[in-house]
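Take a look at the structure below.
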Amino acid sequence: MIWNISWKNVWRNKARSLVVVCAVTLGTISGVFVAGMMNGWVDQRIRSAVYTEVSHIKIQNPKYLINEELKHTIPNITEISDFLNNSDKVSAWTKHTKIIAMASTSRGSTALNLKGINVDEEIQVSNVKDFIVDNGGDYFESGFKNPIVISEKTADQLRLINYIISQELLDSITDLGADANLISSLSSIKNKRFITEKKFKAQLESILKPNDIKELGAQIMKLAKNYKVRSKIVFTFSGMNGEMSYQSFRVCGIYKTNNAMFDQMNAFVKEENIATVAGFMPNDYHEISIILKDDKENLTSFKDELSSKFPNTSVMTWKELAPDAGMMADFMKIYYYIIMGVIFFALAFGIINTMLMAVLERIKELGMLMAVGMNKKRVFSMIMLETIFLTLVGSIVGMLLGGALIVIFGKIGMNFASVQEGFEAFGWSAMVYPSIDLSFFLGVTIMVIIIAILSSVIPARKALKLNPVEAIRTE
Amino acid sequence: MKTIKPLQSALLTVVLLFSFSSAFTQNATEIIKKADDKWNGEKSSQGTMTMTIVRPTWERTIQFKIWTLDRDYSMTLITAPAKEKGQAFLKRDTEMWNWMPSISRMIKLPPSMMADGWMGSDYTNDDVLKESSIVVDFNHSIIGSETIDGWDCWKIELLPKEDAAVVWGKIVKWISKSEYLQMKTEYYDEDEFLVKTELGTEIKTMDDRKIPSRLEIIPADKDNQKTIVTIDNIKFNVAIQNSFFSQQNMKRLR
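First to last, the sequence lines map onto chains D and U.
Going by numbering that gives the first Met the number 0, the first sequence opens with residue 0, and the numbers climb by one from there.
Going by numbering that gives the first Met the number 0, the second sequence opens with residue 0, and the numbers climb by one from there.
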């Protein structure tokens, strides 16, 4: 009965109710969407942290963590291998050797983590393979000697990216609608090689009109970019015995992940190509990376199992290895509710105001109801239910629309290309695919009901304080 | 007899061609080896040098003493300017140490510092450590003769061997036909673009031999930037012990 009356009361003053419903709807949409966006972002960061950078669990020699010397390899590697091979919780695992080496070409040099990998095992554990850039070679598929996969960042530092205006570029620019003037000015530097982006940009700016650069500059840059796959890189490092060693590799593939820091540090070679020069014995490895079957359930338990079984190793989960992502994963769920809380807190004032108006408008009617014997509890719950309905309608519509937005943008993605560099410096992707757990909607619904109950207190108290006799007499 | 003649002459040509071509390739390697020995082949040496680093906005001069023994050991002591005075560099085989008296610290140069310029010059630490590789790591061939500063020179092309740890795509050296002096060296990247040029000028007689007393290193794509090393004096085959090249001695050098 009360439910029915309350629901009807909500729609007595349609305009006023709709204003509140709209406000709540908009608030919920923005809250849900922002939460979805951040969640998508965090998810991506975690995925890339786990599947690109650190894997679920990593085993290392504890001494290696303190001092990254080559001699600190993992002890008892055969027992660990047996254990991992026989464990039903492990989905895939692999071993790496790791050398901090100086890479140099004739024009540049940079320090890198040179990871010796077993390619077949590695692709089960890490998805760096999927990040090979267009025209940037392949992931250890070409069959030449001593191949290496480096990042675009490294290639840039080693000056392995050239910019050349080729005939093909001129053709495709013409297809894009460039006029003859532009083509002729570009032709003036045809086939000239630029070894840095800066020099090429400067040259473009000096020969092209600002308008053309605005329109086609990005296209020209992209098409002119030429990765020098198969170039030689010479690595210098201290080998197992502490002596300076040299080894040359040829670029096989160039990758680019969303994490500039990871890119800057890591290069991959086949373990057999580095082992002899560095002086590694067959069982010398510096880290074991493990991907679990059910990481949510098994992460900590499997870590504990490993640490107790192999006490002389250091076992770390991705939450420890990529603390930023680990912190995000734990903290973000709370953060979404804080966002929603703030939005609803602001909306609560609007709701209180509207309900107060509704109560003051109906003093006579409320007095009548009380006079004919409606007890205080019922009056209170009637007003409370009115508030809940009012808010819930708005928030349900809001959640539906917000959810729809998340689904749509989750498919097409949101591009923050203009601030890409800043994002990627922190390891965040510039392409965001929003997503959200269904449980979040349940949480929001509960939150809405609580907010409604709280904001109904003041109007309901107002109603309860009425003296029926006086109330009936008001005009 | 008449029938044999063509056969004979053909044989002779083949033999000649064969010996000529093999002599030619062997020659190129030999020339490089001799030129390299001119610098590094002596038992020992001791000298003082001045290095001027030229940059677009500044210029500075460093003076140092240098001792070498065989190819493997060398010791360098900075004598000027006052700020760097007393700094010493020791090279033993493939390792290099740096003694910094201002902080009383001995540093073993890590791989990460190998590509840095020595004392801020265009001469990298790596160049210092890997000097002998022009003989071992390359295939040599004579590609012509040219005259530089009045010296008749062989123009020799050095192409790195497939697995050699060499960053260059090609090196071209001009080596004088008499005296085996390295007059000019050009370093190219893998796409055959010039990266840097080394010039040897002011040929002087020092100790008992002629050597270029002024070496210039000019990076190709950096304007107004170069490094000049002048040899003030040098003595070859001086009496010097293996034990001279020790970390303890680095601190004692004057």
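Each residue gets a CB set at the ideal place from its N, CA and C atoms; glycine is no exception.
Since the model is a prediction, treat every value here as computed from it, not as a measurement.
- Within chain D, the residues placing a beta-carbon under 7 Å from that of D162 of chain U are S247, ordered along the chain.
- The beta carbon of Y122 of chain U does not come within 9 Å of any beta carbon belonging to chain D, so the residue lies off that interface.
- By DSSP's assignment, L111 of chain D forms a beta bridge with D:A100.
- In the structure shown, I155 of chain U falls within a strand segment according to DSSP collapsed to helix, strand and coil.
- Here C152 of chain U is buried, its C-beta having at least 16 other C-beta atoms within 10 Å.
- At a cut-off of 9 Å between beta carbons, G143 of chain U makes no contact with chain D.
- G412 of chain D is not a Cβ neighbour of T24 of chain D, given a cutoff of 9 Å.
- Under the 9 Å criterion on CB atoms, W167 of chain U is classed as interfacial with respect to chain D.
- Residue burial is scored here from C-beta neighbours: V41 of chain D has at least 16 other C-beta atoms within 10 angstroms and is therefore classed as buried.
- Contact between L181 of chain D and L207 of chain D holds, since their C-beta atoms are separated by about 7 Å, short of 8 Å.
- Pairing Y187 of chain U with S105 of chain D gives a Cβ-Cβ distance under 9 Å.
- DSSP, read as helix, strand or coil, puts R11 of chain D in coil.
- D329 of chain D and S165 of chain D have their C-alpha atoms spaced approximately 50 Å apart.
- Shown here for H55 of chain D: same chain residues with a beta carbon closer than 7 Å to its own, the five before and five after excluded, namely V49, I289, I290, L291, D294, L298, T316 and W317 in chain order.
- For M383 of chain D, the enclosing alpha helix (DSSP H) begins and ends at K375 to I411.
- Excluding its 5 nearest sequence neighbours in each direction, W6 of chain D has C-beta neighbours in its own chain below 7 Å: F388, listed in chain order.
- C-alpha of E385 of chain D to C-alpha of L404 of chain D: approximately 29 Å in a straight line.
- In this structure F88 of chain U is buried. Its beta-carbon is surrounded by 16 or more other beta-carbon atoms within 10 angstroms.
- In the DSSP annotation of this structure, P322 of chain D is not part of any beta strand (DSSP E); the continuous alpha helix (DSSP H) holding it starts and ends at P322 to E360.
- When secondary structure is reduced to three states using DSSP, K37 of chain U falls in the helix class.
- The C-beta distance from N272 of chain D to N112 of chain D rounds to 16 Å, too long to fall under 8 Å, and the pair is not in contact.
- Two segments are said to touch when three or more pairs of C-beta atoms, one from each, lie closer than 8 Å; by this definition the region 82–99 of chain D touches the region 122–137 of chain D.
- For the pair I77 of chain U and N241 of chain U, the Cα-to-Cα distance works out to about 21 Å.
- Taking a cut-off of 8 Å on C-beta distances, the region 269–285 of chain D does not touch the region 151–162 of chain D, as fewer than three cross pairs fall below it.
- Residue state for K191 of chain D is assigned as coil, using DSSP reduced to three classes.
- According to DSSP, residue pairing for E197 of chain U in a beta bridge involves U:T184 and U:I216.
- Between G325 of chain D and F32 of chain D a beta carbon distance of about 25 Å is seen, past the 8 Å cut, so the two are scored as non-contacting.
- When 7 Å is used as the limit between beta carbons, T93 of chain U is near these residues of chain D: E242 and M243, in chain order.
- Per DSSP, reduced to three states, the secondary structure at T77 of chain D is helical.
- T153 of chain D sits in a helix when the DSSP states are folded into three classes.
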